[in-house]
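For reference, the structure is listed below as structure tokens.
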Amino acid sequence: MILALAGGVGGAKLANGFAKILDPDQLLVVVNTGDDFEHFGFPISPDLDTVTYTLAGMNNAEAGWGLAGESWEFMNALERLGGEGWFRLGDQDLATHVMRAKFLNEGQNLSDVTARIARRFGILHPIVPMSDQRVRTVVETETGKMPFQIYFVRERCVPVTKHIHYEGANEAVPSEKFAAALDRDDLSSIIICPSNPLLSVAPILALPEVRGRLISHNAPVIAVSPIIGGETVKGPAAKIFRELDLEVSALGVARYYGDLLDGIVIDSKDAALASSISEVGPQTLATRILMQSSSDQIQLAREVMEFSKLLSRRDDRGVGET
Ligand code: GDP
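Numbering-wise (my numbering), the sequence shown opens with residue 38 and increments by one.
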């Protein structure tokens, strides 16, 4: 089984590639919930929804969030009543939040609710939140501390980031399926999808013991770089890396993850970084990592799996030699 850690857009695309080539019992997608928030009384889980909509083949790929073919009657009516419109809730998307609120109010946890919604979208592969407890990403900027969605959507990531923290992460525990996957010694690989390292992956790694358990796991841990040629494909990762004095490159990503990684998949454009990356530690695979179509997603998923086999064989040999 492959354990894939994902945020929204980038993570969802690679997770979809895995879902297309693996059976449901061969994949677990663990999703960031640091972006979650309450809006107009509804519990919103943006990354869980992006992964769900993407695996269902119903996502709005252009926007990178929400459902394709969405309509906006609710939003128009809300704004007519003076409701704030900075966070867009499409009519169909709203139904997800209404049902999530209902199921949570009935006492189910976020894992069960996510599974229930995913089933209704026809998804067979398990998608789970990183935790069933509340974790909230908070961005400390030059103009003050902001809950993640205020920074990301309302303020359009303009304020300069000074620090990011993950409120509640220390007290939260991994969701049951995530914890069970970490306990399995037959995982073939742990994949850190090409999601924003600081905003989407760091909250998962901030949960107690997760980073340590990933490092000590016998399955290779492989990241796919979200940075190609010194730029992000989408979103503020490059801007935030710069503001936090991290190098905006696949090498910067390798350094950021540090001893967590056995391997990193970088773009062919960045192949020249491989020798500097090997000094940091991980083995490198350079290939096309931009996913513009579903066949790109499948191709990258296959290559990541092949790469992970090479790394686990190397580990086996290493064990044999000592
Ligand atoms: P968010 O929570 O919706 O911002 O989503 P993520 O954190 O999962 O995705 C944002 C990151 O994914 C950005 O840093 C992008 O550069 C990266 N990304 C998006 N699409 C691709 C892609 O096709 N290939 C790669 N390698 N990275 C991508």
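Beta carbons are placed, not taken as given, at the ideal position from N, Cα and C, and that holds for glycine.
Worksheet item: Short check: CB of Phe230 to CB of Ala56, under 8 angstroms?
Response: Counting from one through the sequence shown, the residue named residue 230 turns up at place 193. Counting from one through the sequence shown, the residue named residue 56 turns up at place 19. With the sequence shown as reference, residue 230 is identified as Cys, and Phe is not the correct amino acid for it. No, Cβ-Cβ distance for Cys230 and Ala56 is not below 8 angstroms.
Worksheet item: Nearest-angstrom Cα distance between Gln334 and Thr89?
Response: Translated into positions along the sequence shown, residue 334 becomes position 297. Translated into positions along the sequence shown, residue 89 becomes position 52. Their backbone Cα atoms lie some 16 angstroms apart in a straight line.
Worksheet item: Is Ala43 near the ligand GDP, in the sense that its beta carbon is under 7 angstroms from a heavy atom of that ligand?
Response: Counting from one through the sequence shown, the residue named residue 43 turns up at place 6. A heavy atom of the ligand GDP is found nearer than 7 angstroms to the CB of Ala43.
Worksheet entry | Cβ-heavy atom distance, Gly101 to the ligand COA, below 7 angstroms | This structure lacks the ligand COA; its bound ligands are the ligand GDP.
Discussion item. Just to confirm my understanding: we take Ala140, look at its own chain, exclude 5 residues before and 5 after, and list those with CB closer than 7 angstroms. What are they?
Written reply: As a working mapping, residue 140 is identified with position 103 in the sequence shown. At residue 140 the sequence reads Phe, which differs from the Ala that was named. Here the set comprises Val150 and Arg153.
Worksheet entry | Range of the contiguous beta strand (DSSP E) that encloses Phe74 | Along the sequence shown, one-based indexing puts residue 74 at 37. Segment Phe74 to His76, the beta strand (DSSP E) holding Phe74.
Discussion item. Let me check understanding here. Comparing Cα to Cα, which of Trp123, Leu131 and Leu92 lies closest to Phe111?
Written reply: Here residue 111 corresponds to residue number 74 of the sequence shown, with the count starting at 1. Nearest of Trp123, Leu131 and Leu92 to Phe111, Cα basis: Leu131.
Discussion item. Considering Cα atoms alone, identify which of Asp222, Ser226, Ala217 and Val247 is closest to Ala209.
Written reply: For the purposes of this step, residue 209 is taken as residue 172 along the sequence shown, with counting starting at 1. Here the closest residue by C-alpha is Val247.
Discussion item. Going by DSSP, what residue range makes up the beta strand (DSSP E) through Ala243?
Written reply: One-based indexing of the sequence shown puts residue 243 at position 206. Counting along the chain, Ala243 falls outside any beta strand (DSSP E), and DSSP gives it neither H nor E.
Worksheet item: Enumerated in chain order, which unbroken segments of the alpha helix (DSSP H) with a length of 4 residues or greater are wholly contained in the stretch 83 to 143?
Response: You should have 83 to 92, 110 to 117 and 128 to 142.
Worksheet item: Where does the unbroken alpha helix (DSSP H) through Tyr294 begin, and where does it stop?
Response: Taking the sequence shown and counting its residues from 1, one reaches residue 294 at position 257. For Tyr294, the enclosing alpha helix (DSSP H) begins and ends at Ala287 to Tyr294.
Worksheet item: Mapping DSSP to helix, strand and coil, what is Asp304?
Response: As a working mapping, residue 304 is identified with position 267 in the sequence shown. Reduced to three states, the DSSP call for Asp304 is strand.
Worksheet item: Rounded to the nearest angstrom, how far is the Cβ of Phe185 from that of Gly47, given a contact under 8 angstroms?
Response: As a first step, residue 185 is located in the sequence shown; it is residue number 148 there, counting from the start. As a first step, residue 47 is located in the sequence shown; it is residue number 10 there, counting from the start. 17 angstroms between Cβ atoms; not a contact.
Fill in: Leu160 CB to nearest heavy atom of the ligand GDP below 7 angstroms
Along the sequence shown, read from residue 1 onward, the residue named residue 160 stands at position 123. The sequence given here has Ile at residue 160, not Leu. For the ligand GDP, not one heavy atom lies less than 7 angstroms from the Cβ of Ile160.
Worksheet item: With which residues is Arg173 paired in a DSSP beta bridge?
Response: Working through the sequence shown from its first residue, we reach residue 173 at position 136. DSSP lists Glu204 as partners of Arg173.
Item to complete: Use the C-beta contact count for Ile314: other C-beta atoms within 10 angstroms, 16 or more gives buried, fewer gives exposed.
Response: Looking up residue 314 in the sequence shown gives position 277. With 16 or more other CB atoms across the displayed protein chains lying within 10 angstroms of its CB, Ile314 is buried.
Practice prompt. Measure the CB-CB distance between Ile227 and Leu251 and report whether it falls below 8 angstroms.
Written response: Working through the sequence shown from its first residue, we reach residue 227 at position 190. Working through the sequence shown from its first residue, we reach residue 251 at position 214. Yes. Within cutoff.
Worksheet item: Ends of the beta strand (DSSP E) at Thr321?
Response: Translated into the one-based positions of the sequence shown, residue 321 becomes position 284. Residues Gln320 to Thr324.
Worksheet item: Under the rule that 16 or more other beta-carbon atoms within 10 Å means buried, what is Ser262, buried or exposed?
Response: As a position in the sequence shown, residue 262 is number 225, starting the count at 1. Note on Ser262: 16 or more other CB atoms within 10 angstroms of its CB, so buried under the neighbour-count rule.
Worksheet item: Does DSSP classify Leu348 as helix, strand or coil?
Response: One-based indexing of the sequence shown puts residue 348 at position 311. Residue state, collapsed to three classes: helix.
Fill in: Cα-Cα separation between Leu161 and Phe344, rounded to whole angstroms
The residue given as residue 161 occupies position 124 in the sequence shown. The residue given as residue 344 occupies position 307 in the sequence shown. Between the C-alpha atoms of Leu161 and Phe344 there is a straight-line separation of about 26 angstroms.
Worksheet item: CB Ala287 to CB Ile264, shorter than 8 angstroms?
Response: Sequence index remark: in the sequence shown, residue 287 carries index 250 (1-based). Sequence index remark: in the sequence shown, residue 264 carries index 227 (1-based). The Cβ atoms of Ala287 and Ile264 sit closer than 8 angstroms to each other.
Discussion item. So the candidates are Gly120, Ala218 and Leu298; which of them puts its Cα closest to the Cα of Pro166?
Written reply: Position 129 of the sequence shown holds residue 166. For the residues Gly120, Ala218 and Leu298, the minimum Cα distance to Pro166 belongs to Ala218.
Discussion item. Quick check on DSSP: helix, strand or coil for Gly48?
Written reply: Working through the sequence shown from its first residue, we reach residue 48 at position 11. Reduced to three states, the DSSP call for Gly48 is helix.
Fill in: Start-to-end residues for the beta strand (DSSP E) that takes in Ile259
The sequence position of residue 259 within the sequence shown is 222, counting from 1. Counting along the chain, the beta strand (DSSP E) containing Ile259 begins and ends at Val258 to Val261.
Worksheet entry | Beta-carbon separation (whole angstroms), Phe158 vs Met95, contact threshold 8 angstroms | If you number the sequence shown from 1, residue 158 lands on position 121. If you number the sequence shown from 1, residue 95 lands on position 58. Their Cβ separation, rounded to whole angstroms, is 7 angstroms, which keeps Phe158 and Met95 in contact under 8 angstroms.
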